[in-house]
Amino acid sequence: MSGHTDMVLVNEEGIRIDGRKTDEKRNIKIEAGVLKNADGSCYLEIGKNKVLCAVYGPRECRMRHLQDPTKAIITVKYNMETYSVSDRKRPGTDRRSVEISKLISEALSAVVMTELYPRTTIDVYIEILQANAGTRCAGLTAASVALADAGIPMRDIVPAIACGKADGKVLLDLNKEEDNFGQADVPIAIVPSTDEIVLLQMDGNMTREELEYGLDMAFKAAHEVADLQKDALLRKYTNKKKEASE
Ligand code: UDP
17 MSGHTDMVLV NEEGIRIDGR KTDEKRNIKI EAGVLKNADG SCYLEIGKNK VLCAVYGPRE
77 CRMRHLQDPT KAIITVKYNM ETYSVSDRKR PGTDRRSVEI SKLISEALSA VVMTELYPRT
137 TIDVYIEILQ ANAGTRCAGL TAASVALADA GIPMRDIVPA IACGKADGKV LLDLNKEEDN
197 FGQADVPIAI VPSTDEIVLL QMDGNMTREE LEYGLDMAFK AAHEVADLQK DALLRKYTNK
257 KKEASE
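If you want it as structure tokens, here you go:
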């Protein structure tokens with residue numbers, strides 16, 4: 017966000033370095049139920065980001081001081097693998113991963129019917145295998161598919177995507193260069209059935225008008241992401257039924 021580059025991020029025709037238009041998201045691939053031994057799982061790609069998510073639970077929360085007698089707690093572990101970025105990342109938890117885990121947990125808590133499972137924990141593991149900006153959105157999008165795949169009752173799915181600004185243009189779904197050298201990055205996650213916002217952050221600067229324009233693009237794209245999430249779950253369910261009848 018604070019870096020400078022001579023690179024043209026958006027050309028005069030409004031085309032970005034990866035060939036996208038300003039309001040175009042990266043290609044998305046979502047697969048539900050990819051891990052045999054987890055209760056629920058999801059593999060997701062968006063552009064060059066690759067994310068794997070596994071869910072366990074609800075199961076008894078062994079750390080009693082964390083137990084909530086009224087509802088389940090959602091414990092998220094967002095982890096960026098050492099080999100996921102071009103400069104080797106130091107393994108293990110850092111401030112960034114703690115912050116991202118917390119905000120993903122809060123976003124998921126808005127839709128999961130935690131009140132059905134008092135004193136339990138639902139554990140969500142998010143592994144970033146390859147990163148190219150937008151990993152918190154990719155991780156959250158994958159996590160809500162994995163939770164649904166685990167059969168955990170939810171009010172809705174949670175799609176997440178960012179809008180932002182680079183080269184003075186408002187853009188959808190920033191890639192690494194746009195994130196690094198642009199002027200603003202605004203990740204957002206919504207509940208599609210109500211258009212409620214469950215995650216909204218802003219890094220950088222934008223005018224109110226630009227932000228409103230960016231949010232319009234992000235809402236529209238988030239609804240499209242939700243359709244892809246539901247498709248992935250439907251495909252998994254249909255395949256399972258097919259396997260059972262064979
Ligand atoms: N990044 C990196 N090393 C780090 C953290 C981030 O190379 O230790 C890169 C990575 O590609 C990431 C991008 O910077 O996707 C943007 O990071 P940010 O903290 O904005 O989170 P994200 O956009 O991934 O949610």
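Sequential numbering from 17 applies to the sequence shown in my numbering.
By construction, the Cβ of each residue, glycine as well, lies at the ideal position given by its N, Cα and C atoms.
Measuring only the C-alpha atoms, how far is residue i from residue j?
i: L163; j: E122; result: 14 Å
i: E143; j: E131; result: 27 Å
i: V50; j: S57; result: 6 Å
i: V214; j: K87; result: 19 Å
i: T21; j: N148; result: 17 Å
i: K118; j: V92; result: 7 Å
i: E194; j: L25; result: 7 Å
i: A46; j: R112; result: According to the sequence shown, residue 46 is Ile rather than Ala. If I take the Cα positions, the gap works out to 25 Å.
i: A248; j: S160; result: 12 Å
i: D39; j: D84; result: 42 Å
i: Y229; j: D189; result: 13 Å
i: A70; j: D55; result: 7 Å
i: I90; j: N27; result: 43 Å
i: I138; j: G73; result: 5 Å
i: T136; j: S125; result: 13 Å
i: K66; j: Q146; result: 5 Å
Taking 8 Å as the cut-off, does the CB of residue i come closer than this to any heavy atom belonging to the ligand UDP?
i: R152; result: yes
i: I116; result: yes
i: R111; result: no
i: M222; result: no
i: D103; result: yes
i: A123; result: no
i: K192; result: yes
i: D34; result: no
i: P175; result: no
i: M23; result: no
i: M96; result: yes
i: D243; result: no
i: A54; result: no
i: D189; result: no
i: E182; result: First, the residue type needs correcting, since residue 182 is Ala and not Glu in the sequence shown. Not so, every heavy atom of the ligand UDP lies at least 8 Å from the Cβ.
i: P203; result: yes
i: A149; result: yes
i: N65; result: yes
Assuming the contact rule is C-beta atoms closer than 8 Å, residue i and residue j should be a hit. Round their C-beta distance to whole Å, please.
i: I31; j: L244; result: The pair is not a contact, with the Cβ atoms about 24 Å apart (cut-off 8 Å).
i: Q217; j: V202; result: 7 Å
i: A178; j: I204; result: 7 Å
i: A200; j: M233; result: Actually they do not touch by this definition, with Cβ atoms about 13 Å apart.
i: M17; j: G198; result: 7 Å
i: A158; j: L250; result: The pair is not a contact, with the Cβ atoms about 16 Å apart (cut-off 8 Å).
i: V127; j: V174; result: 6 Å
i: A11; j: L156; result: Any question about residue 11 goes unanswered here, given that the chain covers just 17 to 262.
Any heavy atom of the ligand PLP closer than 8 Å to the Cβ of residue i?
i: N196; result: Although the ligand PLP was asked about, the structure shown includes only the ligand UDP as ligands.
Quiz prompt | Uninterrupted alpha helix (DSSP H) stretches inside the region 78 to 130 (no shorter than 4 residues) | solution = 111 to 125
Quiz prompt | Length at least 3, wholly inside the region 17 to 87: the beta strand (DSSP E) runs in chain order | solution = 44 to 48, 56 to 62 and 65 to 76
Quiz prompt | 4-residue-minimum alpha helix (DSSP H) runs that sit fully inside the region 125 to 198, ordered along the chain | solution = 151 to 165 and 192 to 197
Quiz item: Residue ranges of each alpha helix (DSSP H) run of no fewer than 4 residues wholly in the region 202 to 247, ordered along the chain?
Solution: none
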